[in-house]
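**Q**
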Amino acid sequence: MDNYLAFILLALLSEVIGTISGFGSSILFVPIASLFFDFKSVLGITAVFHVFSNLSKIYLFRQGIDKNVAVKLGIPAIVFVILGAWLTTYIPAKPLELLMSCALIGLSVYLLVNFNHSIRQSNSNLFSGGAASGFLAGIAGTGGAIRGITLAAFHLPKMVFIATSALIDLGVDSSRAFIYIHNGYFSRKYIVLIPFLIVISIVGSYLGKIILRYTSEIVFRYLVLLVVMTVSIYQIFKLFR
Numbered sequence: 037m038d039n040y041l042a043f044i045l046l047a048l049l050s051e052v053i054g055t056i057s058g059f060g061s062s063i064l065f066v067p068i069a070s071l072f073f074d075f076k077s078v079l080g081i082t083a084v085f086h087v088f089s090n091l092s093k094i095y096l097f098r099q100g101i102d103k104n105v106a107v108k109l110g111i112p113a114i115v116f117v118i119l120g121a122w123l124t125t126y127i128p129a130k131p132l133e134l135l136m137s138c139a140l141i142g143l144s145v146y147l148l149v150n151f152n153h154s155i156r157q158s159n160s161n162l163f164s165g166g167a168a169s170g171f172l173a174g175i176a177g178t179g180g181a182i183r184g185i186t187l188a189a190f191h192l193p194k195m196v197f198i199a200t201s202a203l204i205d206l207g208v209d210s211s212r213a214f215i216y217i218h219n220g221y222f223s224r225k226y227i228v229l230i231p232f233l234i235v236i237s238i239v240g241s242y243l244g245k246i247i248l249r250y251t252s253e254i255v256f257r258y259l260v261l262l263v264v265m266t267v268s269i270y271q272i273f274k275l276f277r
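Residue numbers for the sequence shown follow this note's numbering, beginning at 37 and rising by one.
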């Protein structure tokens, strides 16, 4: 029970910071959840949690969704998240967890070094960014950072950025949640977490929206990346210990 309480509090923190940073909570939620659960359970819990999280963000930031960007980025993301989630059935958990940690460290370093860099606005970059973010989400649990880099090229207002990203993520997470649950990654014993995950998704997204009105997301993005790097490095040491 103490472990569940600590997990719930850290999940709330990841939801608040994920909303503010624009990366989504999975980039922080996945390494945090890995401290409490085995990796394939982390995949299942993350996907279920994010369905509620995305619904909350879509409602709270519903003033603007760029449908053109959502379709061009979202369709390849959904196709490739299904492929990535399907592959987890055939790859052992330890290599997947190592892949996740290395991917998160690599993304964090890239985003810290190229913090103000954005890719060129083009349909091909939308398609490739959607495919890459979807595949990484399916196989390693998180693809929000790649999607964030892609969306940043279109200079969307903060509210539109979050709402559009949440709509894409809803399709991604619903697709992989179905596969993960079918494969037994979300055990019945975790059903008790669902009410807490719903509350966390609503409260965390709402608190993030309030904080976002009064502060820049830049500081929080740096904070997220540093925390993700630290937790991921710890996970790699734990795997080889």
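We put the beta carbon where it would ideally sit given N, CA and C, even for glycine.
Computed from a prediction, not measured in an experiment: that's the story for all the values here.
Using alpha carbons as the reference points, say which of Ile101, Ile175 and Ile94 lies closest to Pro128.
**A** For Pro128, the nearest C-alpha among the options comes from Ile175.
**Q** Going by Cα to Cα distance, which pick from Gly180, Phe190, Ala202 and Phe222 is closest to Phe65?
**A** The shortest C-alpha separation from Phe65 is found at Gly180.
**Q** In angstroms, rounded to a whole number, what distance separates the CA positions of Leu140 and Glu51?
**A** Spanning the two alpha carbons is a distance of roughly 17 Å.
**Q** With 16 other CB atoms within 10 Å as the buried threshold, where does Asp102 fall?
**A** Buried.
**Q** Considering Cα atoms alone, identify which of Leu229, Gly110 and Lys225 is closest to Phe171.
**A** Considering only alpha carbons, the answer is Gly110.
**Q** How about Val117 and Ile217: do their beta carbons lie closer than 9 Å?
**A** Contact flag unset, no.
**Q** Within 10 angstroms of the Cβ of Lys245, are there 16 or more other Cβ atoms? Answer buried if so, exposed if not.
**A** Burial call: buried.
**Q** Could you tell me the distance, in whole angstroms, from the CA atom of Ser89 to the CA atom of Ser137?
**A** Computed Cα separation, rounded: 23 Å.
**Q** Within the same chain, show all residues whose beta-carbon is closer than 6 Å to that of Ile272, passing over the 5 residues directly before and after it, in chain order.
**A** Excluding residues within five positions, the ones whose Cβ falls inside 6 Å are Ser137.
**Q** If we ignore side chains and look at the alpha-carbon of each, how far apart do Arg249 and Ala202 end up?
**A** One C-alpha to the other measures close to 18 Å.
**Q** What is the DSSP secondary structure of Arg98, reduced to helix, strand or coil?
**A** It is coil, neither helix nor strand.
**Q** Can you tell me where the alpha helix (DSSP H) with His218 in it begins and where it stops?
**A** That run of the alpha helix (DSSP H) goes Lys194 to His218.
**Q** In chain order, which continuous runs of the alpha helix (DSSP H) of length 4 or greater are located wholly inside the stretch 118-199?
**A** Segments of the alpha helix (DSSP H) lying fully in the stretch 118-199: 129-149, 159-176 and 180-188.
**Q** Ile204 and Arg183 look like a contact to me (Cβ under 8 Å); what is the Cβ gap, rounded to whole Å?
**A** Right, the Cβ-Cβ distance comes to about 7 Å (below 8 Å), so this counts as a contact.
**Q** Do you know offhand how far Ser241's Cα is from Gln157's?
**A** Each residue's alpha carbon lies about 28 Å from the other.
**Q** Look up Tyr221 in the DSSP assignment and say whether it is helix, strand or coil.
**A** Correct three-state label for Tyr221: coil.
**Q** Assuming Ile68 and Leu46 form a contact by the criterion Cβ under 8 Å, report the distance between their Cβ atoms to the nearest whole angstrom.
**A** With 8 Å as the limit, Ile68 and Leu46 qualify as a contact, their Cβ atoms being about 5 Å apart.
**Q** With the cut-off set at 9 Å, would you say Gly207 and Ile94 are in Cβ contact?
**A** No, Cβ-Cβ distance for Gly207 and Ile94 is not below 9 Å.
**Q** Is Thr200 near Gly54, with beta carbons less than 9 Å apart?
**A** No. Outside cutoff.
**Q** When you compare the CB positions of Leu229 and Tyr40, do they come within less than 9 Å of one another, or not?
**A** Yes; because the gap between Cβ atoms is below 9 Å, this pair is in contact.
**Q** Is there a Cβ from chain B that is less than 9 Å from the Cβ of Thr186?
**A** Of the chains in the structure shown, none is chain B; there is only one protein chain.
**Q** From which residue to which residue does the alpha helix (DSSP H) around Ser237 run?
**A** Note, Ser237: alpha helix (DSSP H), Ile230 to Tyr250.
**Q** Are the CB atoms of Pro112 and Ala167 nearer to each other than 9 Å?
**A** Yes, Cβ-Cβ distance for Pro112 and Ala167 is below 9 Å.
**Q** Tell me whether Phe73 sits in a helix, a strand or coil according to DSSP, three-state version.
**A** Phe73 falls in the coil class under three-state DSSP.
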